[in-house]
Every structure is written in C-alpha cells, then in structure tokens.
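Protein chains in written order, with my numbering: chain A, 30 to 176; chain B, 30 to 176; chain C, 102 to 184; chain D, 102 to 184. All residues carry an ideal CB built from backbone N, CA and C; glycine is no exception. Take a look at the structure below.
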Amino acid sequence: MIRVQSEDFDPGVEIGRFQREDVGAIVSFTGVVRGESHGERLVSMTLEHFPGMTERELERIAVEARTRWSLQGVSVVHRVGELRPGERIVLVVTAAAHRQAAFEAAEFLMDYLKTRAPFWKRELRASGEYWVEARSSDDEAAARWSR
Amino acid sequence: MIRVQSEDFDPGVEIGRFQREDVGAIVSFTGVVRGESHGERLVSMTLEHFPGMTERELERIAVEARTRWSLQGVSVVHRVGELRPGERIVLVVTAAAHRQAAFEAAEFLMDYLKTRAPFWKRELRASGEYWVEARSSDDEAAARWSR
Amino acid sequence: MKVLYFAWLRQKVGRGEETVEAPSSVRTVGDLAAWLGARGGGYADAFADLKRLRAAVNQEYGDFSVAVKAGDEVAFFPPVTGG
Amino acid sequence: MKVLYFAWLRQKVGRGEETVEAPSSVRTVGDLAAWLGARGGGYADAFADLKRLRAAVNQEYGDFSVAVKAGDEVAFFPPVTGG
Numbered sequence: 030m031i032r033v034q035s036e037d038f039d040p041g042v043e044i045g046r047f048q049r050e051d052v053g054a055i056v057s058f059t060g061v062v063r064g065e066s067h068g069e070r071l072v073s074m075t076l077e078h079f080p081g082m083t084e085r086e087l088e089r090i091a092v093e094a095r096t097r098w099s100l101q102g103v104s105v106v107h108r109v110g111e112l113r114p115g116e117r118i119v120l121v122v123t124a125a126a127h128r129q130a131a132f133e134a135a136e137f138l139m140d141y142l143k144t145r146a147p148f149w150k151r152e153l154r155a156s157g158e159y160w161v162e163a164r165s166s167d168d169e170a171a172a173r174w175s176r
Numbered sequence: 030m031i032r033v034q035s036e037d038f039d040p041g042v043e044i045g046r047f048q049r050e051d052v053g054a055i056v057s058f059t060g061v062v063r064g065e066s067h068g069e070r071l072v073s074m075t076l077e078h079f080p081g082m083t084e085r086e087l088e089r090i091a092v093e094a095r096t097r098w099s100l101q102g103v104s105v106v107h108r109v110g111e112l113r114p115g116e117r118i119v120l121v122v123t124a125a126a127h128r129q130a131a132f133e134a135a136e137f138l139m140d141y142l143k144t145r146a147p148f149w150k151r152e153l154r155a156s157g158e159y160w161v162e163a164r165s166s167d168d169e170a171a172a173r174w175s176r
Numbered sequence: 102m103k104v105l106y107f108a109w110l111r112q113k114v115g116r117g118e119e120t121v122e123a124p125s126s127v128r129t130v131g132d133l134a135a136w137l138g139a140r141g142g143g144y145a146d147a148f149a150d151l152k153r154l155r156a157a158v159n160q161e162y163g164d165f166s167v168a169v170k171a172g173d174e175v176a177f178f179p180p181v182t183g184g
Numbered sequence: 102m103k104v105l106y107f108a109w110l111r112q113k114v115g116r117g118e119e120t121v122e123a124p125s126s127v128r129t130v131g132d133l134a135a136w137l138g139a140r141g142g143g144y145a146d147a148f149a150d151l152k153r154l155r156a157a158v159n160q161e162y163g164d165f166s167v168a169v170k171a172g173d174e175v176a177f178f179p180p181v182t183g184g
C-alpha cells in the first residue's frame, strides 16, 4: 500500500496490518525530521512532490522489491507539506516469511525511494530557506542493488 | 532497554520512545509466530529461557551494537511462555541519526540474538511436541559480522 | 505542450505549470529547456545549468535527448531529495 | 556445585536444577558432563552426545574444557533457538 499524505501516520498500525500467521518477519523504517541541519537549528522542513508521478514511482519501487524478494507485504507512507523537527516523515514496512528478505527489501525501498521518488525538501533554518541538495551517498546506496 | 516477558508488546509504542529530534532513522524488527512448521499446522510454541543469563547476553549484544554503530537507542523485547500462531515473539528497535546504522544494527542484533541469547523453542504440532533445532543459516548470518 | 516546474525551478520561473506553444524546432527535452531558458529573466536563471536539472516526460524520467511533441507533459526539477 | 538443565536436557534429566557434590576428579565442564552421564537413565540419555550440548559456567558460555569448582553454577542446554 502506497500513500502520500500531509497527515501523520502510526508505525504501529502499519506494522499491525502485516501481523498474520504466514508472516514471520516485519521490518519497519521510520524517518524523523532532525532538529539540526548544517550546524544550524532547523525551524521546519517543507516537502514538495509531483502528484501522480510520485505515486507511480513508489508503486514501481514496491513492485521491483516484490520481484526481488519473496514478500508478503509492502507499505510506503510519505508525508508532504510542512513538518517540524521530531515529526515522522516517511515509513516503509516490509513483511516476509523470513527476516533476511524483510530487512533487505526495506533497505532497498528506502535507497530507491531516496533517489527515484519525486520529492523535494526545503529547509527553513535560522539563517534562511534552503533547498536540500541530493547526496551522492544516496546514489551510491541505491547503486549497490544493481550490482 | 532490554525486556524478557510473557506479556505482549506494542511495536508502535517502542518505536515512539525513540521519536526525538536527534534521531533521524528508526528501524524495527518484529518477529511473529508462523502457523506452519515442517509442513504441519502449528498449534502453539513455548519459549523457555535461562533467567538472568538471558538478560545479560541481551545487554551484551546491545552494548556490542552500540560500539559498532553510532546509535541513539536500542530496544530488545523477547517473549517467553506459550505463544499462538500470529502472535508477536520478538522486537528489536534501533535509532540512529542515519538510516544505514539503524538498519545494520537491527540486523546485527537479530543475528546475534538468534545465536547467543539462551532461549529455546518447543513446538506443539498436530503430530506431537518438538524442540526446534538450531539452524546453521543463523550461525552463518551471525558469522558475517565477525569478518 | 504542458510544462511543470518543481522545487527551486518553480521558484525561479515563478510558476508551477504553464502551457507553451513551442516552435517545431523544439524536438527534445534539451531543445525545450534551451528554448525556455532563452526567455531570459527567471527562466534564464532556472535553466542556466542543465547538469543540475532532471526531467520527466509524461511522468517518466527521461534524459535531455528524449523526444517531445505537442500534447506532452514535460516536468523539470532538481535531483530528488525525499525519504 | 549447582547444575541447571534447559530444554530437552531438562526433560530427559527430569529436573531443571540440582545441587551436586562432584568428586575432586571433576575439574572441567566435560568431566562434569561425563560424571552426570554415568548416573545412567535419563542422565545417560541427556549426555549421550556431547556435541549436541552447550554449557555456561556462572552464566558465561564456555566450552567443555573450562574449569569448574565447588560453588560454581554450571548450565547444560542444546544450541539456542530464540528470536
């Protein structure tokens, strides 16, 4: 299940959806807005996205994960709009019979989401507004899955 | 925080403990009792442990994770006693500034827990009672961290 | 064709989307970017360094050599930073 | 010394713990296992194949060459299967 929304989400509820007898392992990743950026206090972070294409890309990433690993379920929830430090921003949940598939698929989903899903972050810091720059470490993290 | 208990736990609550401004990434692993084992219906699973040593080993594993990765938090909750298919059995939560540390530490904790923490599983299946045998794949998973 | 701008491109251009009538010489994403940049002002600023830009045609990522035609939706934006 | 048994060892031996007065010839975990196995019955069954067993002395894992002495707590159990 793929959702892009301004509202908060509950990791426990999303994990609970996969608690079934055929699922042995559930891995979740929760991203939280940190209170500091470039050595400055972060006032807020605003997420912009490309409606329509975002959902398509997230669906595509989820389908790709399901072709690579034997998964019982995949959820991706990503928030947009203005977020404050300490707020949840993204959730990925994977469910599988065994833990290795669940762990690897969750890492894959996060790596691909960071480099493929059309979201853009703008930070409001004490010294002004800044668009977050893409990080080469994220590209490298995503690249390891195509080896 | 390390807990060994017969009561259920709530992954959402444990994840929520780490939702702070200095934490960017929270990874959780939830283990669930599967309804089938060796091609048979599982009636129930009973977990026995070594009180005292279990907590010591889990603490030791958590400390080891904190020396290997920069972590803001580690939680391990493991249930004991009789569990039914679909019930939660184990939870590991890791919190870090960045996602890679949180993912790796959670995998490490699960691999070490499986091979170091003195728990033993007994399955009640349609055909009788069986002690679960240790799996060499778990030993191999744990061994990769000492490379 | 319809052109969309996101993030700092949107801010520099001053709008999130517009419909343009590109001349027939605009055959690729790169042609379109050059044509838009030639408008000057915020457009010149937004399209000054194409290496900093990414594009999608009809919601599919594409490089600057991808063909565009009337009726297409072309989006320009910086590298993504979600997650 | 105090001896603890877990999982199927506990079932075979018929108890979870006991206090034993081992002879002075019992100097290691392996000596203790052999001495307990020599009791016959469930003990012989439990200690029939030492390769299937693990041990801990005073709650620390140890192999069968580890020394034991009066006052120690020695636990025997199969390989662990938690998680």
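Would you grab the beta carbon distance between residue i and residue j for me? Rounded to a whole angstrom, and I think it's under 8 Å.
| i | j | result |
| --- | --- | --- |
| residue 79 of chain B | residue 107 of chain D | 6 Å |
| residue 170 of chain D | residue 147 of chain D | Contact flag wrong, Cβ pair sits at about 23 Å. |
| residue 102 of chain C | residue 123 of chain C | 6 Å |
Do you know offhand how far residue i's Cα is from residue j's?
| i | j | result |
| --- | --- | --- |
| residue 56 of chain B | residue 125 of chain C | 52 Å |
| residue 109 of chain C | residue 103 of chain B | 38 Å |
| residue 130 of chain C | residue 152 of chain C | 13 Å |
| residue 45 of chain A | residue 121 of chain D | 49 Å |
| residue 159 of chain C | residue 149 of chain C | 23 Å |
| residue 115 of chain D | residue 43 of chain A | 45 Å |
| residue 113 of chain A | residue 71 of chain A | 8 Å |
| residue 149 of chain A | residue 73 of chain A | 14 Å |
| residue 66 of chain A | residue 141 of chain A | 23 Å |
| residue 104 of chain D | residue 184 of chain C | 53 Å |
| residue 136 of chain D | residue 75 of chain B | 30 Å |
| residue 144 of chain D | residue 132 of chain D | 14 Å |
| residue 31 of chain A | residue 160 of chain A | 25 Å |
| residue 122 of chain B | residue 123 of chain A | 15 Å |
| residue 154 of chain D | residue 35 of chain B | 26 Å |
| residue 83 of chain B | residue 136 of chain A | 29 Å |
| residue 163 of chain D | residue 85 of chain A | 55 Å |
| residue 165 of chain C | residue 118 of chain B | 52 Å |
| residue 172 of chain C | residue 162 of chain A | 32 Å |
| residue 117 of chain C | residue 111 of chain C | 5 Å |
| residue 98 of chain B | residue 119 of chain D | 42 Å |
| residue 174 of chain B | residue 138 of chain C | 53 Å |
Starting from residue i, trace the alpha helix (DSSP H) both ways and give me its first and last residue.
| i | result |
| --- | --- |
| residue 96 of chain A | 82–97 |
| residue 112 of chain D | 108–114 |
| residue 139 of chain A | 128–145 |
| residue 137 of chain D | 130–138 |
| residue 158 of chain C | Unbroken run through residue 158 of chain C is the beta strand (DSSP E), 155–158; no alpha helix (DSSP H). |
| residue 43 of chain A | 40–45 |
| residue 145 of chain D | 142–147 |
With distances taken between CB atoms, is the gap from residue i to residue j smaller than 8 Å?
| i | j | result |
| --- | --- | --- |
| residue 37 of chain A | residue 41 of chain B | no |
| residue 134 of chain A | residue 94 of chain A | yes |
| residue 105 of chain A | residue 138 of chain A | yes |
| residue 151 of chain B | residue 158 of chain B | yes |
| residue 58 of chain B | residue 120 of chain B | yes |
| residue 167 of chain A | residue 64 of chain B | no |
| residue 127 of chain B | residue 54 of chain B | yes |
| residue 125 of chain A | residue 153 of chain A | no |
| residue 175 of chain C | residue 146 of chain A | no |
| residue 33 of chain A | residue 107 of chain A | yes |
| residue 69 of chain B | residue 131 of chain B | no |
| residue 128 of chain C | residue 168 of chain C | yes |
| residue 115 of chain A | residue 89 of chain B | no |
Starting from residue i and walking both ways along the beta strand (DSSP E), at which residues does that stretch end?
| i | result |
| --- | --- |
| residue 166 of chain A | Where residue 166 of chain A is concerned, there is no enclosing beta strand (DSSP E), although the alpha helix (DSSP H) it sits in stretches over 165–172. |
| residue 181 of chain C | Counting along the chain, residue 181 of chain C falls outside any beta strand (DSSP E), and DSSP gives it neither H nor E. |
| residue 161 of chain A | Where residue 161 of chain A is concerned, there is no enclosing beta strand (DSSP E), given that its DSSP letter is neither H nor E. |
| residue 77 of chain B | 69–78 |
| residue 61 of chain A | 54–61 |
| residue 163 of chain D | 161–163 |
| residue 50 of chain B | No beta strand (DSSP E) contains residue 50 of chain B, which DSSP labels as neither H nor E. |
Looking at the strands, I want to know which residues DSSP matches up with residue i.
| i | result |
| --- | --- |
| residue 34 of chain A | A/108 |
| residue 150 of chain B | B/76 |
| residue 119 of chain B | B/60 and B/107 |
| residue 66 of chain B | B/69 |
| residue 104 of chain C | C/119 and C/175 |
| residue 125 of chain A | A/54 |
Going by the C-beta, is residue i closer than 7 Å to any heavy atom of the ligand ZN?
| i | result |
| --- | --- |
| residue 133 of chain C | Among the ligands in the structure shown, none appear at all, so the ligand ZN cannot be discussed. |
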